[in-house]
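The opening position of the sequence shown corresponds to residue 14 in this note's numbering, with each subsequent residue numbered one higher.
Even glycine gets a Cβ: it sits at the ideal position worked out from N, Cα and C.
Encoded as structure tokens, the structure appears first; notes follow it.
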Amino acid sequence: MFRKAEDRKQEIRHEMRGGNGDVKLIHSFTEDELSSPTRVCATLVLEPGCSIGAHVHDQEEEIFYIIEGTAKASDNGKEVILNAGDSLLTGGGESHCIENIGDETLKVFAVVIKFA
14 MFRKAEDRKQ
24 EIRHEMRGGN
34 GDVKLIHSFT
44 EDELSSPTRV
54 CATLVLEPGC
64 SIGAHVHDQE
74 EEIFYIIEGT
84 AKASDNGKEV
94 ILNAGDSLLT
104 GGGESHCIEN
114 IGDETLKVFA
124 VVIKFA
């Protein structure tokens, strides 16, 4: 299956998971299009100062890959600065959050996979 960039479904989530501002989700594929137990396969776009609040991934894991921008992320309370090319893995009851602390747009490719 191919999906052209202009055909990807987009949505805006305001104060996602209790965070600040808006997060744009640009879905590569939706859950119902995937045969694997994948819940999310999308690019997340956060403008400066926007964030996704702390939340737990129980019975699933989430992978973040930073495409561009600078983020402050927390994984189970440990904070780190992430830049383009960096990744974060959270799952199995752990919590995380992410915030755009840069002056430019933050783009993150996110995949959430449910445990079988």
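Whole-number beta carbon distance between residue j and residue i, since they are thought to touch under 8 Å
i    : j   : result
A123 : V53 : 6 Å
Cutoff 6 Å; reference residue i; Cβ partners in own chain excluding five residues on either side
i    : result
L1   : A question about residue 1 goes unanswered here, because the residues of the chain that appear run from 14 up to 129.
F42  : C54
L102 : I76
K22  : H40
Contact test: residue i Cβ vs the ligand ATP heavy atom, cutoff 6 Å
i   : result
T56 : Judged by which ligands are present, the structure shown has none, so any question about the ligand ATP falls away.
Alpha carbon of residue i to alpha carbon of residue j, nearest angstrom
i    : j    : result
G66  : R26  : 12 Å
C110 : H68  : 7 Å
N96  : E117 : 12 Å
D99  : R30  : 22 Å
Residues bridged to residue i (per DSSP)
i    : result
T56  : I39 and F122
L102 : I76
E92  : S87
8 Å CB neighbourhood of residue i in its chain, flanking five on each side removed
i    : result
E131 : For the chain, the structure presents residues 14 to 129; residue 131 sits outside this window and is missing.
S151 : Since the first residue of the chain shown is 14 and the last is 129, residue 151 is not available in this structure.
Cβ shell of residue i (< 7 Å), same chain only, five flanking positions each side left out
i    : result
G115 : P61, G82 and T83
Contact between the region 72-79 and the region 105-119 (3+ Cβ pairs under 8 Å): yes
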